[in-house]
Amino acid sequence: MRSRRPATLAFLLVSTCLCLAGHRSLAQTEEPESATAPFSEADESASAIAAEALERVRQEAAEREASAAVPEKSKSASVRRNDYVEVDEQGPVIRNGVAYFEDLTIRVGARRLRLPAYGGWEAVRPDSKFFALQVEAHPPEHQLVSVLVNRVFAKQTDSKFVNHLILVSVPQEQAFLEMTLGSFAAFKEKVQKRVVDQRKLLVKREDFRDFEDYLNFKFGQDEKVEEFVDGFMVRAEDRPDLVVYFATSEFLFKNSRTEIRQPMISTLTFALVHGKLLRIDTKRIFISDEDVVRLISDSIQFVRDMRSLNDLSEFRPRR
């Protein structure tokens, strides 16, 4: 898939859609019980005023949804040395071929799950300013439980700021539930519906060269889309136990003296890990076209590694 326009704001879009999950549509006015009742000029005037007021409310609601669906820029910051979670200096433990630290676990309902430990990656402390910045940008109904940043990647790209990170969160409504493939399929349908609803509200015909591509994108036929629009999530992988959305976005750092902008790519993954529903956001600056395929692949691999880590089996000692 390719995008016509340079990378713009995108990765918070589906988060915003999920934030709107509890939004109820405006109640429609009911017809009066007696359609033959006499109607005075005063009644007619009052009815017209009420109709205009209702229409204004509907327009304002649509405008609020539209403005809420336009994602903000991805604000980043540096992470101080003492902002990282301290782990065992002896190194990670190996379980089912995947490395992890005993100190790096998350709670999902009443259960704890291990997180994979990758070279160059470190966990950020929940009481740090950087963690708070991510919580602020995250939908509140999805509790952020872990923030992982790639320090090596930042050095390789000569960046003073975090430009490759993973956010792991727990949808609170399902935190204490054991989700099946059937209930997960219903959950995925709701996510896709919210994504499509926002597209119908915001996508424009002039954003596409091909009319069929426009219709496929607008109505959620993502597998048929050849050209997507920056600022919207597109479904990149859909499996019975996992769904991955991809989007372009923008890295932004700004203060009184400097402003840094770079194209960024991101994925949003919902996955089952032994019956528990997790949300995993991955973000990194965009350097080459190969980064897109790699980011999607890495997002899937992260889920696979979590499943392997949390399988019941013997583990091998540290290397």
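Each residue of the sequence shown is one higher than the one before, counting from -13 in the numbering used here.
Don't be surprised by glycine CBs; every beta carbon is placed ideally from N, CA and C.
Check your understanding: DSSP three-state call for PRO18: helix, strand or coil?
Key -> Low confidence applies here, because PRO18 scores a pLDDT of 36, under 50, leaving its location unreliable and the question unanswered by this model.
Check your understanding: Which two residues bound the contiguous alpha helix (DSSP H) that contains ILE282?
Key -> Membership of ILE282 in the alpha helix (DSSP H) is indicated by the continuous run 276 to 295.
Exercise for review: Give the single residue among ASP193, VAL189 and GLY217 whose Cα lies nearest to the Cα of PHE205.
Suggested key: Looking at the Cα atoms, VAL189 is the closest of the given residues.
Practice item. May I ask you to report which of helix, strand or coil DSSP gives GLN184? Key: Three-state result, GLN184: helix.
Review point. Can you give, in chain order, each stretch of the alpha helix (DSSP H) that sits fully within the region 165 to 238 and has at least 4 residues?
Key: For the region 165 to 238, the continuous alpha helix (DSSP H) assignments of 4+ residues that do not extend past its boundaries occur at 167 to 188 and 197 to 204, in sequence order.
Review point. Taking Cβ to Cβ, would you say ALA118 is nearer than 9 angstroms to VAL73?
Key: VAL73 sits away from ALA118, with the two beta carbons spaced by 9 angstroms or more.
Practice item. Identify every residue that forms a DSSP beta bridge with ILE271. Key: In DSSP, ILE271 forms a bridge with MET250.
Review point. Using the rule of at least 16 other Cβ atoms within 10 Å of the residue's Cβ for burial, across every protein chain shown, is LYS115 buried or exposed?
Key: Exposed, because fewer than 16 other Cβ atoms sit within 10 Å of the Cβ of LYS115.
Point to revise | Three-state class that DSSP yields for ASN82 in the structure shown | key: When secondary structure is reduced to three states using DSSP, ASN82 falls in the coil class, being assigned neither helix nor strand.
Review point. When the Cα of GLY261 is compared with those of LYS179, VAL156, ALA85 and GLU108, which residue comes out closest?
Key: When LYS179, VAL156, ALA85 and GLU108 are compared, the shortest CA-CA separation from GLY261 is found for VAL156.
Review point. Got a sec? Which residues, its chain only, sit under 6 angstroms from MET292 by beta carbon, not counting five neighbours each side?
Key: Result list for MET292: VAL259, in chain order.
Check your understanding: Less than 9 angstroms separating the beta-carbons of LEU153 and LEU295?
Key -> The answer is no: Cβ separation not under 9 angstroms.
Point to revise | Sequence-distant residues of its chain with Cβ nearer than 7 angstroms to THR268 (five each side left out) | key: Around THR268: ILE152, SER252, THR253, LEU281, ASP284 and SER285.
Review point. Could you check where the alpha helix (DSSP H) with VAL129 kicks off and where it finishes?
Key: Here residue 129 turns out to be Gln, not Val, going by the sequence shown. Element bounds for GLN129: not the alpha helix (DSSP H) but the beta strand (DSSP E), 128 to 136.
**Study point:** Residue interval of the alpha helix (DSSP H) (run including VAL121)
**Key:** VAL121 -> alpha helix (DSSP H) spans 115 to 123.
Review point. Per DSSP, what kind of secondary structure is ASP69 in: helix, strand or coil?
Key: Helix, per DSSP.
**Study point:** Assigned exposure category for LEU167 - 16 Cβ within 10 Å defines buried
**Key:** Counting the other CB atoms within 10 Å of its CB gives LEU167 a total below 16, which places it among the exposed residues.
Review point. Beta-carbon separation of GLU212 and ASP193 under 9 angstroms?
Key: Cβ atoms of GLU212 and ASP193: not closer than 9 angstroms.
Check your understanding: Is it the case that the CB of LEU130 approaches a heavy atom of the ligand HEM more closely than 8 angstroms?
Key -> No copy of the ligand HEM occurs in the structure displayed, which carries no ligand at all.
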